[in-house]
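Participant:
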Amino acid sequence: MSDKHSSFIKTPKQLVIVVGLAFAITIALVVLLSQLVTGVRSPGNRDDQTGVLNRIKPVGEVTIADATAPQAGMTGEQVYQDVCKTCHEAGLVGAPKLGDKGAWAPRIKRGIDALYASAINGKDQMPPKGGNRNLADIDVQRGVVYMANRSGGSFNEPPAVPAPAVATTSTSTAPVATTAPAAAVTAGAAPPAATGAARPGVPLDLKAGEALMQKDGCAACHGIDKKIVGPAYVDVAAKYNGDAGAQAKLAQKIKAGGAGVWGQVPMPPNPQVPDDDIKALVSWILALKK
Ligand code: HEC
Ligand code: HEC
Numbered sequence: 001m002s003d004k005h006s007s008f009i010k011t012p013k014q015l016v017i018v019v020g021l022a023f024a025i026t027i028a029l030v031v032l033l034s035q036l037v038t039g040v041r042s043p044g045n046r047d048d049q050t051g052v053l054n055r056i057k058p059v060g061e062v063t064i065a066d067a068t069a070p071q072a073g074m075t076g077e078q079v080y081q082d083v084c085k086t087c088h089e090a091g092l093v094g095a096p097k098l099g100d101k102g103a104w105a106p107r108i109k110r111g112i113d114a115l116y117a118s119a120i121n122g123k124d125q126m127p128p129k130g131g132n133r134n135l136a137d138i139d140v141q142r143g144v145v146y147m148a149n150r151s152g153g154s155f156n157e158p159p160a161v162p163a164p165a166v167a168t169t170s171t172s173t174a175p176v177a178t179t180a181p182a183a184a185v186t187a188g189a190a191p192p193a194a195t196g197a198a199r200p201g202v203p204l205d206l207k208a209g210e211a212l213m214q215k216d217g218c219a220a221c222h223g224i225d226k227k228i229v230g231p232a233y234v235d236v237a238a239k240y241n242g243d244a245g246a247q248a249k250l251a252q253k254i255k256a257g258g259a260g261v262w263g264q265v266p267m268p269p270n271p272q273v274p275d276d277d278i279k280a281l282v283s284w285i286l287a288l289k290k
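16 is the number that the working numbering gives to position 16 of the sequence shown; each next residue is one higher, with no gaps.
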């Protein structure tokens, strides 16, 4: 009787095995397919993850179209979406995940400066600036604040830097000598803070200087009497006290950026800041007292 419908399933036990096998194969196929589609591998294997990183890296690198100039003016969230998410969303290669308060708490405790430094200079498996060297430091910092604040921190996001204005401010010509910087600055006749613009030759008082450093984006990295990313301005004043060449040297450095005087963290170039502003700022900084 069994000759026509011959089947190798002869007993209930065999039936169970066949059904079970069919089920297992289907699931395996679905898993394989979904890995193919999403490109996600099982977590836990560092080599695997680095492999993923290497494959997605070039994509991350081409996303910033204007490759030459450091880009400033992205929001923290944009920076996160563009660059940091790659690792910090899923916790790749040991990155603390966005929103994982447990993983962030000990880091946040070390202070925002330490986090800025790690993100800008790189740390362990994290390349400098998350691998995108075209990011301006300040954008990296906004990315840091964005992540930290969504993971238990409460830091102030560095203020937006005004978009680079007309790029034709006579840049790296030899700085015009403004002589005797310190002597020129006397408290008193100063433009009202609210204008926020430097008038050549008019010394700034504390408030006007503060307003100008806000307007020109310096305050994101500098405090008057406290180190942020860059040195406290009173410390700059103390360092160059009596140095006649300081005015020209510092104006040049602010324009062009540079590192190594106060540590490894560089100051990015500030091409968008008008020369008059820089002159006024440097005079003001050099006249500050502790
Ligand atoms: C290629 C992967 C990767 C990318 C991209 C990446 N990170 Fe990270 N990040 C890591 C890893 C890994 C760690 C943990 C390093 C450690 O503490 O050992 C980390 C840690 C951090 C920390 C904590 C540092 C500390 O000192 O505790 C901050 C802040 C941070 N990242 C910010 C950023 C920002 C901002 C970006 C985007 C601009 C970014 N990361 C992009 C992998 C990455
Ligand atoms: C993105 C952060 C950042 C911004 C924005 C920034 N600075 Fe700096 N600044 C730094 C860092 C970091 C240093 C230390 C560089 C070094 O060690 O040589 C520095 C150094 C300086 C110094 C001392 C330079 C020296 O050689 O001793 C002066 C003066 C200064 N900044 C003024 C300014 C002014 C004015 C502005 C705004 C127009 C500004 N900075 C904007 C980060 C910044």
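Ideal Cβ placement from N, Cα and C applies to all residues, glycine included.
These figures come from a predicted structure and were not determined experimentally.
Taking its Cβ as the centre, do 16 or more other Cβ atoms sit within 10 Å of Val19, making it buried, or is it exposed?
Facilitator: For this step, residue 19 is matched to residue 19 along the sequence shown. Looking at its Cβ environment, which holds fewer than 16 other Cβ atoms inside 10 Å, Val19 is exposed.
Participant: Is it right to say Gly44 is buried, meaning 16 or more other beta carbons lie within 10 angstroms of its own, or is it exposed?
Facilitator: Taking the first residue of the sequence shown as 1, we reach residue 44 at position 44. Low confidence applies to Gly44: its pLDDT is 45, below 50, so where it sits in the model is not reliable, and the reading given next is rough at best. Classification of Gly44: exposed, given that the 10 Å Cβ count is below 16.
Participant: Going by the DSSP bridge assignment, what does Gly130 pair with across the sheet?
Facilitator: Locating residue 130 in the sequence shown gives position 130, where the first residue counts as 1. Paired residue(s): none; Gly130 is not in a bridge.
Participant: Measuring alpha carbon to alpha carbon, tell me which of Gly91, Leu288, Ile108 ends up nearest Asp205.
Facilitator: In the sequence shown, the residue the question calls residue 205 occupies position 205. Taking only the C-alpha atoms, the option nearest Asp205 is Leu288.
Participant: Is it the case that the CB of Ala211 approaches a heavy atom of ligand 3 more closely than 7 Å?
Facilitator: The ligand content of the structure shown is limited to ligand 1 and ligand 2, which means ligand 3 is not among them.
Participant: Enumerated in chain order, which unbroken segments of the alpha helix (DSSP H) with a length of 4 residues or greater are wholly contained in the stretch 193-265?
Facilitator: 206-215, 233-239, 246-256
Participant: DSSP beta-bridge partners for Leu115?
Facilitator: Taking the first residue of the sequence shown as 1, we reach residue 115 at position 115. Note: Leu115 sits in no beta bridge, so no partner.
Participant: What's the call for Pro269, buried or exposed, on a 16-neighbour Cβ count within 10 Å?
Facilitator: Within the sequence shown, residue 269 is the residue found at index 269, counting from 1. Per the 10 Å Cβ criterion, buried.
Participant: In this structure, what does DSSP give as the bridge partners for Lys123?
Facilitator: One-based indexing of the sequence shown puts residue 123 at position 123. Bridge partners of Lys123: Met126.
Participant: Count the other CB atoms within 10 Å of the CB of Thr86; is the residue buried (16 or more) or exposed (fewer)?
Facilitator: Here residue 86 corresponds to residue number 86 of the sequence shown, with the count starting at 1. Thr86 is buried by the Cβ-count criterion.
Participant: How is Leu286 classed by DSSP in three states: helix, strand or coil?
Facilitator: Reading the sequence shown from its first residue, position 286 is the one you call residue 286. In this structure, Leu286 counts as helix in the three-state DSSP scheme.
Participant: Counting along the chain, where does the alpha helix (DSSP H) carrying Cys84 start and finish?
Facilitator: As a working note, residue 84 is residue 84 in the sequence shown. Careful: Cys84 lies outside any alpha helix (DSSP H) and carries neither H nor E.
Participant: Short check: CB of Gly99 to CB of Glu157, under 8 Å?
Facilitator: Residue mapping note: residue 99 aligns to position 99 of the sequence shown, counting from 1. Residue mapping note: residue 157 aligns to position 157 of the sequence shown, counting from 1. No, the Cβ-Cβ distance between Gly99 and Glu157 is not below 8 Å.
Participant: Using C-beta distances below 8 Å, list every residue in its chain close to Ala95, excluding the 5 sequence neighbours before and after it, in chain order.
Facilitator: Against the sequence shown, residue 95 aligns to sequence position 95. Taken in chain order, the residues that qualify are Cys87, His88, Gln125, Met126.
Participant: Under 7 Å Cβ to Cβ from Tyr116, same chain only, skipping five residues before and after it: list those, please.
Facilitator: If you number the sequence shown from 1, residue 116 lands on position 116. If we look at Tyr116 and ignore the five residues flanking it on each side, its Cβ neighbours are Gln141, Val144, Val229.
Participant: Taking buried to mean at least 16 other C-beta atoms within 10 Å of its own C-beta, is Asp283 buried or exposed?
Facilitator: In the sequence shown, residue 283 corresponds to position 283, counting from 1. Before going on, a small fix: residue 283 reads as Ser here, not Asp. Buried.
Participant: Just to check my reading of the structure: Val83 and Leu135 have Cβ atoms closer than 8 Å, yes? What is that Cβ distance to the nearest angstrom?
Facilitator: Sequence index remark: in the sequence shown, residue 83 carries index 83 (1-based). Sequence index remark: in the sequence shown, residue 135 carries index 135 (1-based). A Cβ-Cβ distance of about 7 Å is found for the pair Val83 and Leu135, placing them in contact under the 8 Å criterion.
Participant: Could you work out which residue in Ile112, Ala114, Ile254 is closest to Asp276 when comparing CA atoms only?
Facilitator: Residue 276 sits at position 276 when you count from the first residue of the sequence shown. For the residues Ile112, Ala114, Ile254, the minimum Cα distance to Asp276 belongs to Ile254.
Participant: Considering only their Cβ atoms, is the gap separating Trp104 from Gly73 smaller than 8 Å?
Facilitator: As a position in the sequence shown, residue 73 is number 73, starting the count at 1. As a position in the sequence shown, residue 104 is number 104, starting the count at 1. It is not a contact, given that the beta carbons lie outside the stated cut-off.
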